[in-house]
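Number of protein chains: 6
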Amino acid sequence: MIKRFDEAYSGKVFIASLPEVTEAKTVLYGMPMDWTVSFRPGSRFGPNRIREVSIGLEEYSPYLDGDLADAAVYDAGDIPLPFGNAPKSLDMIEAFVKDIVKAGKFPLGMGGEHLVTWPIIKAMHDVYGDDFVIIHLDAHTDLRDEYEGEPLSHSTPLKKAANLIGPSNCYSFGIRSGMKEEFEWAREVGYNMHQFEVIEPLKRVLPTLAGKKVYVTIDIDVLDPSAAPGTGTQEIGGISTKELLEAVHAIANADLDIIGADLVEVSPAYDQSDMTAIAAAKILREMMIGFVK
Amino acid sequence: MIKRFDEAYSGKVFIASLPEVTEAKTVLYGMPMDWTVSFRPGSRFGPNRIREVSIGLEEYSPYLDGDLADAAVYDAGDIPLPFGNAPKSLDMIEAFVKDIVKAGKFPLGMGGEHLVTWPIIKAMHDVYGDDFVIIHLDAHTDLRDEYEGEPLSHSTPLKKAANLIGPSNCYSFGIRSGMKEEFEWAREVGYNMHQFEVIEPLKRVLPTLAGKKVYVTIDIDVLDPSAAPGTGTQEIGGISTKELLEAVHAIANADLDIIGADLVEVSPAYDQSDMTAIAAAKILREMMIGFVK
Amino acid sequence: MIKRFDEAYSGKVFIASLPEVTEAKTVLYGMPMDWTVSFRPGSRFGPNRIREVSIGLEEYSPYLDGDLADAAVYDAGDIPLPFGNAPKSLDMIEAFVKDIVKAGKFPLGMGGEHLVTWPIIKAMHDVYGDDFVIIHLDAHTDLRDEYEGEPLSHSTPLKKAANLIGPSNCYSFGIRSGMKEEFEWAREVGYNMHQFEVIEPLKRVLPTLAGKKVYVTIDIDVLDPSAAPGTGTQEIGGISTKELLEAVHAIANADLDIIGADLVEVSPAYDQSDMTAIAAAKILREMMIGFVK
Amino acid sequence: MIKRFDEAYSGKVFIASLPEVTEAKTVLYGMPMDWTVSFRPGSRFGPNRIREVSIGLEEYSPYLDGDLADAAVYDAGDIPLPFGNAPKSLDMIEAFVKDIVKAGKFPLGMGGEHLVTWPIIKAMHDVYGDDFVIIHLDAHTDLRDEYEGEPLSHSTPLKKAANLIGPSNCYSFGIRSGMKEEFEWAREVGYNMHQFEVIEPLKRVLPTLAGKKVYVTIDIDVLDPSAAPGTGTQEIGGISTKELLEAVHAIANADLDIIGADLVEVSPAYDQSDMTAIAAAKILREMMIGFVK
Amino acid sequence: MIKRFDEAYSGKVFIASLPEVTEAKTVLYGMPMDWTVSFRPGSRFGPNRIREVSIGLEEYSPYLDGDLADAAVYDAGDIPLPFGNAPKSLDMIEAFVKDIVKAGKFPLGMGGEHLVTWPIIKAMHDVYGDDFVIIHLDAHTDLRDEYEGEPLSHSTPLKKAANLIGPSNCYSFGIRSGMKEEFEWAREVGYNMHQFEVIEPLKRVLPTLAGKKVYVTIDIDVLDPSAAPGTGTQEIGGISTKELLEAVHAIANADLDIIGADLVEVSPAYDQSDMTAIAAAKILREMMIGFVK
Amino acid sequence: MIKRFDEAYSGKVFIASLPEVTEAKTVLYGMPMDWTVSFRPGSRFGPNRIREVSIGLEEYSPYLDGDLADAAVYDAGDIPLPFGNAPKSLDMIEAFVKDIVKAGKFPLGMGGEHLVTWPIIKAMHDVYGDDFVIIHLDAHTDLRDEYEGEPLSHSTPLKKAANLIGPSNCYSFGIRSGMKEEFEWAREVGYNMHQFEVIEPLKRVLPTLAGKKVYVTIDIDVLDPSAAPGTGTQEIGGISTKELLEAVHAIANADLDIIGADLVEVSPAYDQSDMTAIAAAKILREMMIGFVK
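Chains as they are written, first to last, in our numbering: chain V, 1 to 293; chain S, 294 to 586; chain R, 587 to 879; chain X, 880 to 1172; chain W, 1173 to 1465; chain C, 1466 to 1758.
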């Protein structure tokens, strides 16, 4: 009988992902949305390029001495978001993530622009209330109220999240770009803003979060542009992939209850070598092996 | 005294454009909008790349034996459209084009996605009523009512235009992609749809339009992808640049009263050689020299 | 319940393909093999890139007034061919194509290098004996006995096919590169070799094949490099996409019993604009709508 | 004993070129100069990229039924021109070409910018006096006296040549860009200027040149940018590679005494697919097989 | 009334620059010259690409807690340098920089090749005599007397400068490529040459310069090629953008009287992701905010 | 007399290499083979691109205070390996390297895929028996017995080498990707596996190897993808070029008898900026100056 060949073989789904959702512990999903970006669009193609290059990955992590099989990942594909319609897109993401959490599985999202994290946080809040914190790795504050009058913008998700779960529950690392007002607001309200560096402040903060529920959101532009050129708004002075791996491992090895995670802003058209998507694929592998218990 | 160097020298404005609007016959303007596209975004960067490569152009056209100086072009720059906000963007375009027409100057627009033509047509209708026809060169019908529920989409501008000025006043050429329903609608209502070819039907149609007011809109994807890879939705089977030049010259030499024109959908990120922007710059030169009396 | 999103939405399978093979008339499959190429490798990534860009296609063909739904395509994915092992790869292809034909479905293959056509022809021969002819569109003769001593080479498939079903059953079009010996052999044995041109000789030949069983193999390098740069061995002086569309339509409209087809040698790494994969996707759409009854 | 491997194998010299100059009929040489260009520099890397991709060529031409071996080519490498020093570079080229001609061999040059043709013409004039004509295929007139005050510019070689051997001995084809003054001068002095088209006027002109000595200079930008994006100043509306092949074959088959030739302005950095260098390599093959008796 | 839209909106001038020079403290200017480079040309397009990508910058620097508005920048555009004519180009640069300094404004130059720094130093010397030092960040010594006989070469500017103001007034950092003779000369004459490293020697040197007038010249190739591939002559083993930011901030925070600065050698054609131009834009922002009092 | 121009001038041979092998101390040779790679092919073009960009190198190393002339390099070109035939390719490499060693010269190889190191080790073993150790810098273990059933695979060379000369004679550094079984095997048999880091373990190991014969093999993917995107299988978390230079210098300055070396896996098609080939060229320069006595 003719049957479909293993999709992981050719990068249609993330490597080593499961054929059925039933036995899965993790649900990987894409959010192909880039309609509110202010500079270079294209991250709608990020999730699929990450899957495509994932076939170059080993399934074993020598860093964590673990295997992708342990994470039991089901790749649900990309949510079919409507072009240019931000409100409806966000609603669809929120609903889908709620379904994942209700099914008792770990939601692992791939952007798309960073605004996609906002409906995920709403879904998390719906389930866990204020009883969780956000670890946020990014080059940008993302703390605007609006961007040129538009409240649904890729510059706003952390502000919305902070307003929902409280600024003191938000921990940002690696931030090196934003408006003066954003930094001032963070200082005033007790938002945990760690500028420029990731590893040092993260290692200081993690023990203080022991036992807590944590959602982790990583913007690929926390990396230096040399390591991640394929993104909408590059910011020099970023961390290396070695440091990002170290950060992910530190989070994985901390005493945390990680309830979900995402990796966003991979935009393949600006990276002829696919360096950014390949980095994202490996970071996702480490998140799968390290974050999912 | 320190003064700014000639901007045309380094591609900040279109080559040979005038320093002041007063003596201008033509106003060139950019519409950096790509938020409703369904496939590859990026045409927001089109107008500026066209200006940049225009410095490689000769100012004289051996085809038309005319010079850019005759068109007396003022390059007004890009309209500062709000990211992701289609309704407001369209309003700004409409208002600006009305200003140009009221000032007695020829409006020559650069897209951006093709939806930008819709507010221009509204502005034209405001001034001229139904007393003009549209010549439309494109690979796509652009005759949808909506795209996945969204009425403001890059797939709809000609439908909106046809509804406003009447389908029999619309002449499309080179069309080779669309939904069955769009082609059927065109046939039923008397929309002048010319499929696949441009030169032959155009030369047949032009004499029938003698003395009429005409607005010309050119989607760069009417060209074959070999000649214009830098566009959102390539469609093979298109015309060559030689044929597009011939079409522009045929329109220029016909007995028409051309009231405005645009060239849209140049998206530089998909064209490492800048072939598409360079083609657009030269087509615009021929439109300036040929269309503006 | 969490279920996978429509894969056609994000280019994981060819647009508009069916979820199950049962109701399918056509089986689309990829052959990611490039280990015998003599110049630039990389066509192993061709099939997947074609699927990815297929989301930019309309499902309706205004050329054939037909729809992808009529072809009822099931996309079986890529055959998991073993890297660098040509003999085993060819065996796997042959076995899979036999399964498709036995199931009464139309086999539509995507290469990979052109050597993949050889096991397909063997499978066809197994079913139909010598009772079929081959229509071959290509820049290259592919009539070598071996390449530097190696009989399994991308330069040999048509020679092997001609030896199996008889040279007079092979019709090549658009050929513009090869060794003197290949052209001489073709002349001597009555191989139907049409050099440089496609449309004119094809239209002459097609009526003579009325009622016959035909297998169609298209090497994307029959196109001019301007239209298909993303291929291993470009040959200038090729046909345009307009001509290739016309050729496919001529074959589709002829009185033939088409028993299978393939499109090979798309190599994405050499084409930053994805022009070649986009051309291949549309040609495949026309083959699906036109060849499958 | 350790010896060097065949250089033609890996593109260090043009494919099938001879190890020693003694038995050569043709001397191929590169002129890596681009210091006077007004738009995009980089053609200094043209000759070497052409050699590199020549390994993808068949040595046999099915168009001319001849073989590279017949042309007996010795590849002398690139003349070591001094960066930025135009006068000295031109002197070195002139001296080297004189040496080739004195040795009774056919000089076949690769640019570099088009100004390199000027010293070649001087060398030819030194040997043949006014007793030869120039066939010039190009998008640009190249008939300026100077460019912004500089008499040694890539915009001037044909003007200098016309002044030396007489305008009526110069035949340009495919010209589609230049200043009004250049076209007027050509008309006034009897320079044979054929605009836009190549094949038709060339076939008209060739019989009138029967028996004459001819030097052929081809600027790769006579091709349409779709076929040759890798050049400094693209001009749309050009000919296809099929037409350029036809032109070269028409010249080869005419009753002419061809005394030398060049192909210039390949600039690899603007062509990620190497389409332009591959086209140039094949055109050079046809020139070798067709021009050298 | 029709008026030009804000040029900073679309990258025609550096973001946040002033409409008029009168109230400016800083004059930014481009020097589009690359005619003397020995390897890959193209830096003539650097200044404009930097402006274009500057629209992705925030105007606020969280490193310096300052804003672009404080620097009051007027972007004068590119000096219209004559192609290929080095002596005249250098004269024009020198004259323009003198005008800026005489007007009491801070000259901030963008290259172009590094030779452009030589006429700037001459202008500075004209105003300040020997009473200033040069801080030079670069991968290359640039201490040749000539390059293959040519004294006006991109390999010579620091030698010329050292001869003018004295080698002990020149401080180079990050140098990792040059001829043996250059390093030896530096040692012999007391030129302050700091090899391989930037931060450590810079922090040692800066206090010794307290109160001095300083001109700062940064060659983008001081960065590692991973962070700045878009430059003519990459040299591995360079510093990261984090280190370059730290160096700029160290200079900004030192007790110096900075009299001018430049950033050179950005060559966009070799950087498909625009990583280099984006890095340059942000470094320029920090120079503006940090260097201009 | 016409003679060939200096090939080093235009990158046909490695810069500063000798015209004849007689006086050479070092023989540089290319192994253009990539037929067993599992992900992205193309390293067959590595050696030639490295030669091409070597013209941008200074011949003097300020790190080692030595000159390329000291290494007396003869560039033998690329071994003409048969496409797709791994066994025969390996035999040809082995034979050629034996010839070099027998001639008393230092063999310095350029890959091609890493499997090419296996026949070199066999040649070394043939001459030196087990009396040498291997220093291996790489991202990958390369310790598989086979890859999907194929024993000749780019994933196996170090396993084969360890089986031949003993695992305790193999020292790997920078390893960050492999199967669990490979790491376990290494631990069990006493293979010297140093994960993630290069400099620190190398500096610990080098003194323990004092006086020993050493073969050095460097896979360019030991570098971080930010520094070497042009390779088949990028692995993030790698070292910088600064660290790789430091490692090469540490080896060069250690008390070792280096008997040969190679640098493999440069694949130019995935690196539009040529960053990887330029890095490889400079590393090779340091290996020449530092390793050859």
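We put the CB at the ideal spot given by N, CA and C, even for glycine.
These numbers come from a predicted model, not from an experiment.
Residue i versus the options, residue with shortest Cα-Cα distance
| i | options | result |
| --- | --- | --- |
| V892 (chain X) | X:T1020, X:G1111 and X:P926 | X:P926 |
| W411 (chain S) | S:F338, S:F298 and S:M385 | S:M385 |
| R1212 (chain W) | W:F1463, W:M1447, W:L1456 and W:D1443 | W:D1443 |
| V264 (chain V) | V:L115, V:I165 and V:I199 | V:L115 |
| T1120 (chain X) | X:P1080, X:A1089, X:L960 and X:I1097 | X:I1097 |
| L1749 (chain C) | C:E1488, C:K1678 and C:S1482 | C:S1482 |
| Y1026 (chain X) | X:W914, X:F962 and X:F884 | X:W914 |
| I1137 (chain X) | X:V1068, X:V1006, X:V1145 and X:G1169 | X:G1169 |
| G84 (chain V) | V:L152, V:I50, V:E58 and V:G109 | V:L152 |
| E645 (chain R) | R:L654, R:E638 and R:V639 | R:L654 |
| S89 (chain V) | V:P32, V:F196 and V:D65 | V:P32 |
Start and end residues, alpha helix (DSSP H) containing residue i
| i | result |
| --- | --- |
| P1036 (chain X) | P1036 to I1044 |
| F183 (chain V) | K180 to V189 |
| F682 (chain R) | A672 to K688 |
| D1303 (chain W) | No alpha helix (DSSP H) contains D1303 (chain W), which DSSP labels as neither H nor E. |
| A1158 (chain X) | M1154 to F1170 |
Proximal residues to residue i (C-beta, below 7 Å), its chain only, five neighbours per side dropped
| i | result |
| --- | --- |
| K1490 (chain C) | A1536, A1537, K1570, F1571 and V1757 |
| E182 (chain V) | T141, L143 and R144 |
Nonlocal neighbours in the same chain, by C-beta distance under 6 Å from residue i, ignoring five residues either side
| i | result |
| --- | --- |
| V1502 (chain C) | E1578, H1619 and G1697 |
Residue i: first and last residue of the uninterrupted beta strand (DSSP E) it sits in
| i | result |
| --- | --- |
| F14 (chain V) | It is not in any beta strand (DSSP E) - F14 (chain V) carries neither H nor E in the DSSP assignment. |
| L143 (chain V) | Run containing L143 (chain V): none; DSSP gives neither H nor E here. |
| A1140 (chain X) | D1136 to V1143 |
| D802 (chain R) | This sequence places Val at residue 802 (chain R); Asp is not what is there. Looking at the DSSP string, the run of the beta strand (DSSP E) that includes V802 (chain R) is K799 to D805. |
| S465 (chain S) | C463 to I468 |
| H1128 (chain X) | Segment T1120 to N1132 is the alpha helix (DSSP H) holding H1128 (chain X); no beta strand (DSSP E) there. |
| V295 (chain V) | Absent from the model: residue 295 (chain V). The displayed extent of chain V is 1 to 293, so no value can be given. |
| V366 (chain S) | V366 to D371 |
Contact under 8 Å by Cβ, residue i with residue j
| i | j | result |
| --- | --- | --- |
| Y1481 (chain W) | H1421 (chain W) | In the structure as shown, chain W starts at 1173 and stops at 1465, and residue 1481 (chain W) therefore has no counterpart that could be examined. |
| C1049 (chain X) | H1015 (chain X) | yes |
Per-residue burial, residue i [other beta carbons within 10 Å of its own, 16 or more giving buried]
| i | result |
| --- | --- |
| N1132 (chain X) | exposed |
| A1560 (chain C) | exposed |
| T156 (chain V) | buried |
| E1372 (chain W) | exposed |
8 Å Cβ shell around residue i - same chain, five flanking residues per side excluded
| i | result |
| --- | --- |
| M568 (chain S) | A520, A521, P522 and G523 |
| M1058 (chain X) | T1020 and R1023 |
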